[in-house]
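J.: Okay, here's the structure, questions in a sec.
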Amino acid sequence: MRIDILTLFPEMFSGVLQTSILGKAAEKGIVQYKVTNFRDYSESKHGTVDDTPYGGGGGMVLKPEPLFRAVEDIAQGTKPRIILMCPQGRPYRQAIAEELAREEHLIFICGHYEGYDERIREHLITDEISIGDYVLTGGELAAMVVIDSVVRLQPGALGNETSAVTDSFSTGLLEYPHYTRPAEFRGWKVPEILLSGHHANIERWRLKESLRRTLQRRPELLEQLELTKEMSELLAE
Ligand code: ADE
1 MRIDILTLFP EMFSGVLQTS ILGKAAEKGI VQYKVTNFRD YSESKHGTVD
51 DTPYGGGGGM VLKPEPLFRA VEDIAQGTKP RIILMCPQGR PYRQAIAEEL
101 AREEHLIFIC GHYEGYDERI REHLITDEIS IGDYVLTGGE LAAMVVIDSV
151 VRLQPGALGN ETSAVTDSFS TGLLEYPHYT RPAEFRGWKV PEILLSGHHA
201 NIERWRLKES LRRTLQRRPE LLEQLELTKE MSELLAE
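Going by the UniProt record's numbering, the letters in the sequence shown line up with residues 1 to 237, in that order.
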């Protein structure tokens, strides 16, 4: 998978894309990152990328030319998803991460400005994504969140292949509680069933705990799910 990032602050990405799972994925050749300062695509010799809004009012607006030129240069020969990070976008969730993880090429556009010229929205991008109902100073942190959640879904990116499958949200439920040694810590004991070695009972206990946690914390997730007979029985217990 190729991931391009267009930003005026490329230094924000240094470190993040080289570290841990994201860094290892690049080392293994699973993903290729490229961070581009779209000021390099400005048509003016001063590197101007924004201007005052037509009709007046405060703030600056990102001009269309540098972003169109940058994307057209980067997208040669590919059919990328071109994603604008902004608070007005589609609310981000795991199902969108799974959808993006199947693409060959993603281009993220990160702005720090009051606005984008509307022609960027209408004629350049394919997606607008928001990571939540709050306003960040720019799209960079939001793009990092999306990139992290997409790269870890690439086959081979996580050491342990099963872990992405049992994650919270990919099952539609929150994760069950985890324990490791010691079996007793400051008087707090690990649930007996996890020490029993009885795999079927352990699976049932985990499913029950997932259901309980989801019901307590995020009941709306349960409403979106088609419950199996076993799930309904466990919820009724
Ligand atoms: N840029 C500023 N705020 C944002 C948000 N909540 N999501 C995505 N991009 C943003």
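Just so it is clear, CB atoms sit at the ideal spot from N, CA and C, and this is done for glycine as well.
Predicted model only: the values in this text are computed from it and were never measured.
DSSP puts Q32 in a beta bridge; with which residues?
T.: Note: Q32 sits in a beta bridge opposite R2.
J.: Taking just the CA atoms, how far does V49 sit from F68?
T.: 11 Å
J.: Using DSSP with H/G/I as helix, E/B as strand and the rest coil, what is Y179?
T.: coil
J.: At which residue ranges does the region 109 to 168 contain complete beta strand (DSSP E) runs of 3 or more residues, listed in the order of the chain?
T.: 127 to 130
J.: Quick one: is the Cβ of M1 within less than 7 Å of any heavy atom of the ligand ADE?
T.: Checking the Cβ of M1 against the ligand ADE gives no.
J.: Examine the ligand ADE and report whether any of its heavy atoms sits within less than 7 Å of the Cβ of P87.
T.: yes
J.: Quick one: what does DSSP say E233 is sitting in, helix, strand or coil?
T.: helix
J.: Which class does M85 belong to by DSSP, given the choice of helix, strand or coil?
T.: Strand.
J.: Would you list, in sequence order, the uninterrupted beta strand (DSSP E) runs of no fewer than 3 residues that lie entirely inside the region 26 to 82?
T.: Whole beta strand (DSSP E) segments, 3+ residues: 32 to 37.
J.: If you reduce the DSSP assignment to three classes, tell me which class P10 lands in.
T.: Helix.
J.: With which residues is E184 paired in a DSSP beta bridge?
T.: K189
J.: Would you call K79 buried or exposed, if buried means 16 or more other Cβ atoms sit within 10 Å of its Cβ?
T.: exposed
J.: Return yes when the C-beta of I131 is under 7 Å from any heavy atom of the ligand ADE, and no when it is not.
T.: yes
J.: Decide if the region 163 to 174 is in contact with the region 211 to 220; the criterion is three or more beta carbon pairs, one per stretch, under 8 Å apart.
T.: yes
J.: Am I right that I21 and L106 are in contact with their C-beta atoms under 8 Å? What's the rounded C-beta distance?
T.: Between L106 and I21 the Cβ distance is about 17 Å, and since that is not below 8 Å, they are no contact.
J.: Using a 10 Å radius around the Cβ and a threshold of 16 neighbouring Cβ atoms, would you call P66 buried or exposed?
T.: buried
J.: Is it buried or exposed, T214, if we count other Cβ atoms within 10 angstroms and call 16 or more buried?
T.: buried
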